[in-house]
Each structure stands twice: as structure tokens, then as C-alpha cells.
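Residue numbers (my numbering): 169 to 270.
Glycine is no exception: its CB is placed at the ideal position from the N, C-alpha and C atoms.
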Amino acid sequence: MTNTETVENVETVTRVVMRPPRQFNVVLYNDNSTTMEFVVLVLMTIFHKNFADANALTMSIHENGQGIAGTYSLEVANQKHDDTINAARMNGFPLRCSVQES
169 MTNTETVENV
179 ETVTRVVMRP
189 PRQFNVVLYN
199 DNSTTMEFVV
209 LVLMTIFHKN
219 FADANALTMS
229 IHENGQGIAG
239 TYSLEVANQK
249 HDDTINAARM
259 NGFPLRCSVQ
269 ES
């Protein structure tokens, strides 16, 4: 005969740690062919910057060689990257853009 115990009223506590999703920067790079007006337009239409912010960021990209257009989840950052490259190519500009973890 075996001796077994029955445990009643046992609670299991599971702790879930929620972390915010990783964020990614969309970076635009300066080049000698893409017009500043086009970069301002991209920043206003794709990244939803107002004119003053888009103009200031364009100047920063021009002076520093690159600048962060925005910080997003990976999916949104990739879509903004693709939209930027497509708009640039459709308008004949070689504008470069990348997605980098922030």
C-alpha cells in the first residue's frame, strides 16, 4: 500500500513583466543631389513634422551629415523608411535612409 498526500488550495502565482516595445530611429542622410525642399516635404508628409521643425531638421541633416527623422516601433519605422525611399526614387533623388535601434 502506498501513502499519498493530497494538497488542496495550492495557488500558483505567475508574474508577468511587461516591457515597452523596442524603439527604432529612422535616419536620413545628406547627399549632394537631393534638394533641401524635397527633404522638407518628406519630413512634413511622411514624418508629420510642421514646416518649422522640418526646415530645422533639414538644416541639421545638411550640416551634420545625418539626422533622426523620427523614432517608432520597428514596423512603423520600416514603413516610414520604405515610404521615404519610394518617394525619393519616384522624384529622381538618391536620398538615403536607414532604420537603427535607438
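Neighbour-count burial assignment, residue i, 16 or more Cβ in a 10 Å radius
i    : result
L242 : exposed
G235 : buried
Distance CB(residue i)-CB(residue j) smaller than 9 Å
i    : j    : result
T252 : V194 : yes
S266 : R190 : no
F215 : A222 : yes
Contacting residues, own chain, Cβ-Cβ under 7 Å from residue i (five flanking each side not counted)
i    : result
F261 : S201, T202, F206
K217 : L211, L225
Residues of its chain near residue i, where Cβ-Cβ distance is below 6 Å and the 5 sequence neighbours each way are ignored
i    : result
T239 : Q191, N193, S270
Beta-carbon separation (whole angstroms), residue i vs residue j, contact threshold 8 Å
i    : j    : result
H230 : N198 : 5 Å
L196 : A237 : 5 Å
Sequence-distant residues of its chain with Cβ nearer than 8 Å to residue i (five each side left out)
i    : result
N177 : none
Any C-beta of chain B under 9 Å from that of residue i
i    : result
V267 : No chain B is present in this structure, which holds just one protein chain.
**Q.** Three or more C-beta pairs below 8 Å linking the stretch 242-252 and the stretch 197-208
**A.** no
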